[in-house]
Structure formats: C-alpha cells, structure tokens
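Heads up, the thing below is written out as structure tokens.
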Amino acid sequence: MLTGKQKRFLRALGHGLKPVIQVGKSDVSEALIRETCEALAAHELIKVKVLESCLMDRHSVAEELCTACEAELAQVLGRTMLLYKPAKEPKLELPKGK
1 MLTGKQKRFL RALGHGLKPV IQVGKSDVSE ALIRETCEAL AAHELIKVKV LESCLMDRHS
61 VAEELCTACE AELAQVLGRT MLLYKPAKEP KLELPKGK
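The sequence shown begins at 1 in the UniProt record's numbering and counts up by one.
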C-alpha cells in the first residue's frame, strides 16, 4: 500500500509520461491485462488512457487492472490513470513511509 508521500512522488514522476496503454471498446480483456503487466515489468510506472469508446467506468478499469497485475494505483485524473508496480530490481526509489 502506497503512502500519500509516495503517491505524490509517483505523480510528479508520471506527469511527463505518455500513455503506454489505451483501454478502448473491448474494455479490460486478457490481452490488455497481459500487455499492462509487461509494460509494468519494463517501466514500473505507466500511464493508462481510457478512451471515450470504453463502456466501463474509469475507476472500475483502474481497479480491475490493479487487481489483475498486482499493481498500485497512484492516481486517476480524468480518463488517465497512473499505475505502479515495483520491478524485481527496482529502478525507482520511493520515499520511506512511516
């Protein structure tokens, strides 16, 4: 579970990122989950864009992706969300929680 300080840190890092994953008409499928897991393994912190054509609620999409990929949700802003999952050899060093 991320602390508020860690979420703030990740939001600052994620500000300049481009969306790596886009959720469209097919909603959250097995292929999308696989692709998201691969992107998290490669980058640790990714942006996901929920397109207008997606029938699911953005918070539902975030919850499903986080559960399926065992990731943490750092932010949902509009139709964009920021997901974080530490790699086996972490590249990002999060601030220490209490």
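The C-beta atom is built at its ideal place from N, Cα and C for all residues, glycine as well.
Start and end residues, alpha helix (DSSP H) containing Glu63: Walking along the sequence shown from the start, residue 63 turns up at place 63. Per DSSP, Glu63 belongs to the alpha helix (DSSP H) from 58–69.
Coil, strand or helix - Thr3 by DSSP: Numbered from its first residue, the sequence shown carries residue 3 at position 3. Under the three-state reduction of DSSP output, Thr3 falls in the coil class, being neither helix nor strand.
Option nearest residue 101 by Cα separation, candidates Thr3, Arg11, Met81, Leu92: Not covered by the structure: residue 101. The range shown for the chain is 1 to 98.
Cβ distance (whole Å) where Lys25 is taken to contact Cys54 below 8 Å: Counting from 1 along the sequence shown, the entry for residue 25 is found at position 25. Counting from 1 along the sequence shown, the entry for residue 54 is found at position 54. Yes, they are in contact, since the Cβ atoms of Lys25 and Cys54 sit about 7 Å apart, within 8 Å.
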